[in-house]
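Q:
Chains as they are written, first to last, in this note's numbering: chain A, 14 to 362; chain B, 32 to 231.
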């Protein structure tokens, strides 16, 4: 799929913008703080209804604006769909986001924050695999939100004195929804590792062995009963620490490069390349799941990479249906549409 | 709001405490009422008072009612052998609107909600058990909401009622009638598939 046009009103530093990308590869250059990442964010919100930078809707409208509007055309081989979204402040002070969601629209985003997948806490890796699983399986995000609700309520019960007898109905729901999440994460990891084994060596230009594995205290178990039994075993410890100690919210990914855990290994350039490779490895499985290729939003993806590796990256993304790539410096890329972003305006270079 | 006369400010303040009403709507409602005939406003205020003075909970099913037992519990044509358990009186009304259910109800007046500190003792659970001891039912239908609180409540009640030898069922979740499969979200579709039935 491709984005045919994007219209923004009062979005971040864009007062009004009407942007019509032309190429498959669109290179956005401009000095710092001119709105390159904001433009990627706007494209992302148009595609998915959510920002990849923040969960706070109030951050999205321009400073002092009560509402922001995004609109645009999404082009699929079977036809074009016009989508609109309005994010506005309601009377009671809360922010509301309402608009169209296109069932086949997907965005894959790479940014500096993705380094946390490799060197950050387990929560960063869970967030990564949940995001990928949500792009593959539409039921994953609702199940994740449901799981968080169940978990919050169960933890609250553990914090209250003498509530142990009341855990049963929450245990049962936690086990059912938790296993559903673990199952989808495992399938996502399987799809990812196959692609990563191809993508990373292609980007690095050398032979490397990369592996991703899902780590859970439940081992290979697939039935909710196993999670239920694990809760039972940890009951005393849970009562003491007043926290739910087993379940998908405690799991992690192990990412290894040539047999070494990447948390403790790798130069910054290597880590950036591996983070980018993880995102690129999402492309093929997501294309198969959605029935059309996702749009790639790559924020400053070439920095800290040497020119040979940078060239490999450009070659790899050339096969995508549509890519938006930001860069502080102009890039010489054959066949790319070049755009200049300056103080909230986008013009052809 | 200091520049409003005291009665106006007081009414605006009272409206604002209602769910879904913010300061602007509260102002609009207040000035709307100021412009209406005195008669109409008096009618509204007496309706407000009456709802608190005359409405009570049915001592059998805990529905809101102006007579005890309520009309449904007092109706001899309703089947006392089938009991539909709902969270709130609103849910009972929704079931009644279908006109399909000929049994009786039990309103819990809430759902298990650890975040609000609501446990089984805060719901009409003990009353449900006593009721089933008094006059055994053939079937209890758990019609709590399909969210995590409603689901926990249903699971809790199912476990509690099973030893009584009564048939316990849970309402199905699935596709809205008149809807299109293509537009159903995945979760609903999955639940609908889980709850499929033989046909013909």
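Even for Gly, the Cβ is constructed at its ideal location relative to N, Cα and C.
This structure is a prediction, so every number in the text was calculated from the model and none was measured.
Grab the span of the beta strand (DSSP E) containing residue 269 (chain A) for me, first residue to last.
A: By 1-based counting over the first chain, the position of residue 269 (chain A) is 256. Residue 269 (chain A) -> beta strand (DSSP E) spans 265-270.
Q: Among A:14, A:15 and A:21, which has the Cα closest to the Cα of residue 359 (chain A)?
A: Numbered from its first residue, the first chain carries residue 359 (chain A) at position 346. The residue with the shortest Cα to Cα distance from residue 359 (chain A) is A:21.
Q: Between the C-alpha atoms of residue 389 (chain A) and residue 348 (chain A), what's the straight-line distance to the nearest angstrom?
A: Because chain A in this structure spans residues 14 to 362, residue 389 (chain A) falls outside the shown range and cannot be described.
Q: Is residue 46 (chain A) helix, strand or coil when you go by DSSP?
A: Counting from one through the first chain, the residue named residue 46 (chain A) turns up at place 33. Residue 46 (chain A): coil per DSSP, three-state reduction.
Q: Quick one: what does DSSP say residue 32 (chain B) is sitting in, helix, strand or coil?
A: Numbered from its first residue, the second chain carries residue 32 (chain B) at position 1. At residue 32 (chain B), the pLDDT of 46 sits below 50, so the modelled position is not reliable; the number obtained from the coordinates is stated separately. Residue state, collapsed to three classes: coil.
Q: Does the CB of residue 87 (chain A) have a neighbour CB from chain B at under 7 Å?
A: By one-based count along the first chain, residue 87 (chain A) stands at place 74. No, residue 87 (chain A) does not count as interfacial toward chain B.
Q: Counting pairs of beta carbons, one from the stretch 230-241 of chain A and one from the stretch 129-149 of chain A, are three or more of them closer than 8 Å?
A: Contact fails: fewer than three Cβ-Cβ distances are below 8 Å.
Q: Given this structure, state the Cα-to-Cα distance separating residue 90 (chain B) from residue 152 (chain B), to the nearest angstrom.
A: Taking the second chain and counting its residues from 1, the one referred to as residue 90 (chain B) is at position 59. Taking the second chain and counting its residues from 1, the one referred to as residue 152 (chain B) is at position 121. Cα to Cα, the separation comes out at about 17 Å.
Q: In the DSSP assignment, what residue or residues form a beta bridge with residue 136 (chain B)?
A: For the purposes of this step, residue 136 (chain B) is taken as residue 105 along the second chain, with counting starting at 1. DSSP lists B:115 as partners of residue 136 (chain B).
Q: Just grab the DSSP bridge partners of residue 360 (chain A) for me.
A: On the first chain, position 347 is the one that residue 360 (chain A) refers to. Partner(s): A:353.
Q: Would residue 187 (chain B) count as contacting chain A if we go by Cβ distances under 7 Å?
A: Counted from its first residue, the second chain places residue 187 (chain B) at position 156. Chain A, which has a Cβ nearer than 7 Å to the Cβ of residue 187 (chain B), makes this yes.
Q: Any C-beta of chain A sitting closer than 7 Å to the C-beta of residue 150 (chain B)?
A: Working through the second chain from its first residue, we reach residue 150 (chain B) at position 119. Output row for residue 150 (chain B): interface = yes.
Q: In whole angstroms, give me the CA-to-CA distance for residue 45 (chain A) and residue 125 (chain A).
A: For the purposes of this step, residue 45 (chain A) is identified with residue 32 of the first chain, where counting begins at 1. For the purposes of this step, residue 125 (chain A) is identified with residue 112 of the first chain, where counting begins at 1. The straight-line gap from Cα to Cα measures roughly 14 Å.
Q: Would residue 100 (chain A) count as contacting chain B if we go by Cβ distances under 7 Å?
A: Your numbering for residue 100 (chain A) matches position 87 in the first chain. No, residue 100 (chain A) does not count as interfacial toward chain B.
Q: Return the CA-CA distance between residue 324 (chain A) and residue 336 (chain A), expressed in angstroms with no decimal places.
A: Within the first chain, numbered from 1, the residue matching residue 324 (chain A) stands at position 311. Within the first chain, numbered from 1, the residue matching residue 336 (chain A) stands at position 323. Computed Cα separation, rounded: 15 Å.
Q: Counting only C-beta atoms, is residue 145 (chain B) closer than 7 Å to chain A at any point?
A: Against the second chain, residue 145 (chain B) aligns to sequence position 114. It does: the Cβ of residue 145 (chain B) has a partner Cβ on chain A nearer than 7 Å.
Q: Return the Cβ separation of residue 109 (chain B) and residue 67 (chain B) in integer angstroms, given the expectation that the two are a contact with Cβ distance under 8 Å.
A: Here residue 109 (chain B) refers to the residue found at position 78 of the second chain. Here residue 67 (chain B) refers to the residue found at position 36 of the second chain. 41 Å between Cβ atoms; not a contact.
Q: What is the rounded straight-line gap between the Cα of residue 46 (chain B) and the Cα of residue 155 (chain B)?
A: Within the second chain, residue 46 (chain B) is the residue found at index 15, counting from 1. Within the second chain, residue 155 (chain B) is the residue found at index 124, counting from 1. Residue 46 (chain B) and residue 155 (chain B): Cα-Cα distance of roughly 30 Å.
Q: Strictly under 7 Å for the Cβ-Cβ distance: is residue 226 (chain B) near chain A by that measure?
A: Within the second chain, residue 226 (chain B) is the residue found at index 195, counting from 1. For residue 226 (chain B), the answer is no, since every Cβ of chain A falls outside 7 Å of its Cβ.
Q: Please report the distance separating the alpha-carbon of residue 269 (chain A) from that of residue 351 (chain A).
A: For this step, residue 269 (chain A) is matched to residue 256 along the first chain. For this step, residue 351 (chain A) is matched to residue 338 along the first chain. Approximately 36 Å, taken between the alpha carbons.
Q: Spatial neighbours of residue 87 (chain B) within its chain, please: CB distance less than 8 Å, with the 5 preceding and 5 following residues excluded, ordered by chain position.
A: Taking the first residue of the second chain as 1, we reach residue 87 (chain B) at position 56. Answer for residue 87 (chain B): 95, 96, 97 and 99, listed in chain order.
Q: Please report the residue range of the alpha helix (DSSP H) in which residue 153 (chain A) lies.
A: Within the first chain, residue 153 (chain A) is the residue found at index 140, counting from 1. Counting along the chain, the alpha helix (DSSP H) containing residue 153 (chain A) begins and ends at 153-172.
Q: State buried or exposed for residue 109 (chain A), treating a residue as buried only when at least 16 other CB atoms are found within 10 Å of its CB.
A: Here residue 109 (chain A) refers to the residue found at position 96 of the first chain. That one is exposed.
Q: Report all residues from its chain with a CB closer than 7 Å to the CB of residue 32 (chain A); omit the five preceding and five following residues, and keep chain order.
A: Along the first chain, one-based indexing puts residue 32 (chain A) at 19. Result list for residue 32 (chain A): 18, 19 and 359, in chain order.
Q: Give the DSSP bridge partners of residue 85 (chain A), in chain order.
A: Here residue 85 (chain A) refers to the residue found at position 72 when the first chain is read from its first residue. Residue 85 (chain A) pairs with A:19 and A:96.
Q: If you measure from the beta carbon of residue 218 (chain B) to each beta carbon in chain A, is any gap under 7 Å?
A: In the second chain, the residue the question calls residue 218 (chain B) occupies position 187. For residue 218 (chain B), the answer is yes, since a Cβ of chain A falls inside 7 Å of its Cβ.
Q: Straight-line CA distance for residue 119 (chain A) to residue 305 (chain A)?
A: Residue mapping note: residue 119 (chain A) aligns to position 106 of the first chain, counting from 1. Residue mapping note: residue 305 (chain A) aligns to position 292 of the first chain, counting from 1. Each residue's Cα considered, the two are about 9 Å apart.
Q: Start and end of the beta strand (DSSP E) containing residue 175 (chain B)?
A: The count along the second chain starts at 1 and reaches residue 175 (chain B) at position 144. Segment: none, residue 175 (chain B) is in no beta strand (DSSP E) and carries neither H nor E.
Q: Give the straight-line distance between the Cα atoms of residue 170 (chain B) and residue 112 (chain B), rounded to the nearest whole angstrom.
A: Locating residue 170 (chain B) in the second chain gives position 139, counting from the first residue. Locating residue 112 (chain B) in the second chain gives position 81, counting from the first residue. When rounded, the distance between both Cα atoms is 7 Å.
Q: Is there at least one Cβ from chain A nearer than 7 Å to residue 183 (chain B)'s Cβ?
A: Taking the first residue of the second chain as 1, we reach residue 183 (chain B) at position 152. Yes - at least one Cβ of chain A is within 7 Å of the one on residue 183 (chain B).
Q: From this set, A:237, A:251 and A:205, which residue's C-alpha is nearest residue 296 (chain A)'s C-alpha?
A: Locating residue 296 (chain A) in the first chain gives position 283, where the first residue counts as 1. For residue 296 (chain A), the nearest C-alpha among the options comes from A:205.
Q: Note down, in chain order, each residue of its chain lying with its Cβ closer than 8 Å to the Cβ of residue 216 (chain A), except the 5 sequence neighbours on either side.
A: Along the first chain, one-based indexing puts residue 216 (chain A) at 203. For residue 216 (chain A), where only same-chain residues beyond five positions count, the Cβ hits under 8 Å are 286, 289, 290, 293, 322, 325, 326 and 329.
Q: At a CB-CB cut-off below 8 Å, which residues of chain A make contact with residue 221 (chain B)?
A: Here residue 221 (chain B) is taken as the residue at index 190 of the second chain, counted from 1. The answer, in chain order, is 152.
Q: Who are the Cβ neighbours of residue 225 (chain B) in its own chain at under 7 Å, not counting the five residues just before and after it?
A: Taking the second chain and counting its residues from 1, the one referred to as residue 225 (chain B) is at position 194. The answer is none, since no qualifying residue turns up.
Q: Output, in sequence order along the chain, the residues in the stretch 55-66 of chain B whose CB is closer than 7 Å to any CB in chain A.
A: The residues in question are 55 and 56.
Q: Which term fits residue 51 (chain A), buried or exposed, when burial requires 16 or more other beta carbons within 10 angstroms of its beta carbon?
A: By 1-based counting over the first chain, the position of residue 51 (chain A) is 38. With 16 or more other Cβ atoms within 10 Å, it is buried.
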